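Notes to accompany the following structure.
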Amino acid sequence: MSFSSETKSELARLNLDKKCCRAVALATFLEAGGEFVEKRNKLSFVFSSENAAVARKIFKLSKELLGCKPVISVSRRKNFRKNNVYSVRIPADREVREAVSHMVVSVEDNPLPQCCSRVFLRFVFLAAGSVINPQRTYHLEITTPKEVNAERIAGVMGSFGLKPGISRRKQWYVIYLKDADQISDFLNIIGAHTALLNLESIRTIKGMR
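Mapping of the sequence shown onto our numbering: residues 150 to 358, in sequence order.
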């Protein structure tokens, strides 16, 4: 398992004690990594991940907050890695669509308390982020197709004293950190404490060489 995947598995297993944070988590998942799909005249929100723990998390949140019956399916990527892909399909009837819309608008239009800001960054990383193994280099990024979302993500990161960069990669906006201290701070903010300890251990070993 890659460093990035291990980090996501750790984050997906963290509990969300507050209802406000659970709503922010699901809204962020669906906005950052979900898509709206119509199949056989039925509408669904679909979220896909190569990480089983992340898929289980959105399954649990959608079932709890939307009162629906999501379905998880597993497929195989048709590329050289051939990893499993876990897809969570959330039936999107009118009530579910209205509930999701309300949650997304609430997250986008209102200032978030600090607890929810941490959850927002955690789940936008789970949905659309990655971090390179620090043994190779220091690089963490989150991607989004919308410039307004990139600016919002960078703004929330900035509220914690981080200084992310934003670049364009084809149709994507990339919010990134390349400084080891900044990546450590980000991992601490989102609750990835095991990943943080592993990063600091690698930094110490590198410093001794």
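Every residue, glycine too, gets a C-beta built ideally from N, C-alpha and C. All figures in this text were calculated on a predicted structure; none of them were measured in a lab.
If you reduce the DSSP assignment to three classes, tell me which class residue i lands in.
| i | result |
| --- | --- |
| Leu214 | helix |
| Gly307 | helix |
| Thr286 | coil |
| Glu184 | strand |
Out of the options, which one is the CA nearest neighbour of residue i?
| i | options | result |
| --- | --- | --- |
| Tyr325 | Pro262, Lys206, Ser279 and Leu275 | Ser279 |
| Ile221 | Val237, Lys206 and Asn233 | Val237 |
| Val297 | Trp321, Phe309 and Lys312 | Trp321 |
| Ser316 | Asp258, Pro294, Ser308 and Arg205 | Pro294 |
| Glu300 | Glu257, Val223, Glu247 and Lys319 | Glu257 |
| Arg246 | Ala176, Leu336 and Val234 | Ala176 |
| Asp334 | Leu165, Lys312 and Val253 | Lys312 |
Count the other CB atoms, across all protein chains shown, that sit within 10 Å of the CB of residue i; report buried if there are 16 or more and exposed otherwise.
| i | result |
| --- | --- |
| Ile200 | The displayed chain sequence assigns Asn, not Ile, to residue 200. When all chains shown are included, Asn200 counts as buried. |
| Arg162 | exposed |
| Arg285 | exposed |
| Thr353 | exposed |
| Val95 | Outside the displayed range of the chain (150 to 358) lies residue 95, so it cannot be described from this structure. |
| Arg171 | buried |
| Lys157 | buried |
With a threshold of 8 angstroms, are at least 3 pairs of Cβ atoms found where one atom belongs to the region 180 to 191 and the other to the region 212 to 225? These segments do not touch.
Would you check if the region 236 to 243 and the region 187 to 205 touch, i.e. whether three or more CB-CB distances between them fall below 8 angstroms? The region 187 to 205, when compared against the region 236 to 243, does touch it at the 8 angstroms Cβ threshold.
Inter-stretch contact at 8 angstroms, needing at least 3 Cβ pairs: the region 150 to 158 / the region 333 to 353: Between the region 150 to 158 and the region 333 to 353, the count of C-beta pairs closer than 8 angstroms reaches three or more; the two stretches touch.
Are the region 326 to 333 and the region 285 to 304 touching by the rule of at least three beta carbon pairs closer than 8 angstroms? Judged by Cβ distances under 8 angstroms, the region 326 to 333 makes contact with the region 285 to 304, as three or more pairs qualify.
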